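Asker:
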Amino acid sequence: MSDTGVHEEPELIQLLTPEGELTGHPDYPLEISADEARALYRDLVLVRRVDSEAVSLQRQGELGLWASLLGQEAAQIGSGRALREQDMAFPSYREHGVAWCRGIQPKELLGMFRGVTNGGWDPHEHGFHLYTIVIGSQALHATGYAMGVQRDGALGEDGTAVISYFGDGATSQGDTNEAFNFASVNNAPVVFFCQNNQWAISEPLERQSRVPIYKRAAGFGFPGVRVDGNDVLAVLAVTRAALANAREGNGPTLVEAFTYRMGAHTTNDDPTRYRASAELDEWKAKDPILRMRRYLERNGLADEEFFASVDAEADALGKQVRTECRSLPDPEPLEIFHEVYAEPHVHIDRQRAEFAEYLASFEAEGA
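Residue numbering for the sequence shown is 408 to 774, as defined by the working numbering.
The structure is reproduced here in structure tokens:
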């Protein structure tokens with residue numbers, strides 16, 4: 408609110424309008440080739456296909472749960488493609504697009520939601536930590552990792568930056584605010600990337616903050632920026648700048664990607680119970696894939712043959728996802744105790760023995 412008592416509209420960094428017109432921004436210049444633009448479109452389409460297949464698989468009883476990213480593809484692909492190989496990302500449980508950018512295969516995500524793995528990938532190999540279910544805790548993990556990077560002296564132009572992903576609801580969690588404070592006072596090389604999708608399950612944004620989320624960074628002493636989260640080019644440019652700022656030793660940045668969750672919070676949720684269909688229709692007009700397609704068509708960067716080839720690739724990927732999900736082997740029950748700690752632990756040994764005895768009791772009854 409200004410001194411006159413009039414609410415000021417927050418600045419929204421946008422390079423690409425919903426109609427596909429490239430407008431640019433003086434603070435976030437972006438040079439992108441035709442090949443790079445087409446690759447971003449391909450990423451958006453394929454990640455959405457993985458997501459839609461996973462939703463269908465859950466409905467068919469093949470997955471226990473799925474957290475859809477529908478509508479948030481640009482926020483994830485744009486930020487994911489801004490990362491360098493040496494960077495480390497700390498996701499929540501919805502960053503399937505970032506996982507795609509970091510080389511995580513869809514079947515590794517599906518294995519976790521199917522209950523056959525506890526993660527499925529090596530975080531250090533991919534620069535992508537395991538999914539975090541506890542809301543906001545990954546912001547602290549990212550800050551601690553970033554402080555380690557700082558103490559190792561791994562900063563500079565070719566240094567390491569860290570990014571933490573979370574939603575608007577997580578900004579109400581103590582862990583997230585503690586992370587902001589730790590990162591600020593320690594000048595940690597971390598980017599806090601908030602995907603503001605307007606709804607924390609059934610709680611709207613106005614129940615999370617009385618000011619735009621990006622402005623909350625000022626209270627902790629570091630910069631914040633709001634970017635159009637449905638504009639993959641703007642997200643790419645803004646995240647690159649924030650990561651460069653971090654790796655060069657200038658401390659944290661809060662990026663608020665202003666986007667919208669077009670699907671349910673998870674497959675256990677029914678969004679029609681708490682939001683109006685008109686709101687969804689408004690955001691469908693801002694669809695990140697349609698926007699990028701319009702940009703490619705408007706500038707003659709892709710033809711119908713290209714779009715058809717991407718659709719065909721998506722169909723093949725969908726078939727692969729279905730096949731791989733259904734062929735995932737069930738784990739041995741006692742595997743749940745493996746790698747809980749790096750070294751043997753007496754309490755884990757006791758729990759494993761008790762669970763083994765419990766399982767054996769069913770075999771004895773059936774004998």
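C-beta: ideal position from N, C-alpha, C; glycine also. This one's a predicted model, so the numbers in the text were calculated from it and none came from an experiment.
Below 8 Å on the Cβ atoms is my guess for THR539 versus SER499; work out the distance and round it to an integer in Å.
Answerer: In the sequence shown, counting from the first residue as 1, residue 539 sits at position 132. In the sequence shown, counting from the first residue as 1, residue 499 sits at position 92. With a Cβ gap of about 6 Å, THR539 and SER499 count as contacting.
Asker: State yes or no: is the C-beta of GLY478 within less than 8 Å of the C-beta of THR673?
Answerer: Within the sequence shown, numbered from 1, the residue matching residue 478 stands at position 71. Within the sequence shown, numbered from 1, the residue matching residue 673 stands at position 266. Result no, Cβ atoms of GLY478 and THR673 do not sit closer than 8 Å.
Asker: According to DSSP, which residues form a beta bridge with PRO611?
Answerer: Position 204 of the sequence shown, counted from the start, is the residue given in the question as residue 611. Answer is TRP606, bridged to PRO611.
Asker: Among ILE542, ALA553, ALA506, whose alpha-carbon lies nearest the alpha-carbon of PRO406?
Answerer: With the chain covering 408 to 774 only, the question about residue 406 has no answer from this structure.
Asker: Within the stretch 579–648, note down every full beta strand (DSSP E) run reaching 3 residues or more, in order along the chain.
Answerer: 597–603, 631–635
Asker: Tell me THR660's beta-bridge partners as DSSP assigns them.
Answerer: Walking along the sequence shown from the start, residue 660 turns up at place 253. BP columns for THR660 point to VAL598.
Asker: For the beta strand (DSSP E) containing GLY574, name the first residue and the last one.
Answerer: Position 167 of the sequence shown, counted from the first residue, corresponds to residue 574. Start and end: 569–574.
Asker: Is DSSP giving ILE484 helix, strand or coil here?
Answerer: Here the question's residue 484 lines up with position 77 in the sequence shown. ILE484 falls in the helix class under three-state DSSP.
Asker: Would you check if there are 3 or more beta carbon pairs closer than 8 Å linking the stretch 562–569 to the stretch 616–633?
Answerer: Between the stretch 562–569 and the stretch 616–633, the count of Cβ pairs shorter than 8 Å is below three; the stretches do not touch.
Asker: Take the Cβ of PHE629 as the centre, count every other Cβ of all protein chains shown within 10 Å, and call the residue buried at 16 or more, exposed below.
Answerer: As a position in the sequence shown, residue 629 is number 222, starting the count at 1. PHE629 should be labelled buried.
Asker: For ALA763, which residues in the same chain have their Cβ closer than 7 Å to its Cβ, ignoring the five residues on either side in sequence?
Answerer: Within the sequence shown, numbered from 1, the residue matching residue 763 stands at position 356. Once the five neighbours on either side are set aside, the close Cβ partners of ALA763 are LEU741.
Asker: Please classify ARG558 as buried or exposed, where buried requires at least 16 neighbouring CB atoms within 10 angstroms.
Answerer: One-based indexing of the sequence shown puts residue 558 at position 151. Exposed is the call here.
Asker: Would you list the one or two residues that DSSP bridges to MET669?
Answerer: As a first step, residue 669 is located in the sequence shown; it is residue number 262 there, counting from the start. BP columns for MET669 are empty, so no partner.
Asker: Does MET408 pass the burial test, meaning 16 or more other C-beta atoms within 10 Å, or should it be called exposed?
Answerer: For this step, residue 408 is matched to residue 1 along the sequence shown. Low confidence applies to MET408: its pLDDT is 42, below 50, so where it sits in the model is not reliable enough to give any reading.
Asker: Does the distance from the CB of TYR448 to the CB of ARG700 come in under 8 Å?
Answerer: Counted from its first residue, the sequence shown places residue 448 at position 41. Counted from its first residue, the sequence shown places residue 700 at position 293. Taking 8 Å as the Cβ cut-off, TYR448 and ARG700 qualify as a contacting pair.
Asker: At a cut of 8 Å, does the stretch 500–519 reach the stretch 580–593 through at least three beta carbon pairs?
Answerer: Here the stretch 500–519 does not lie against the stretch 580–593, with fewer than 3 beta-carbon pairs under 8 Å apart.
Asker: Along the chain, which unbroken stretches of the alpha helix (DSSP H) at least 4 residues long are found entirely within the stretch 665–741?
Answerer: 684–691, 695–705, 711–733
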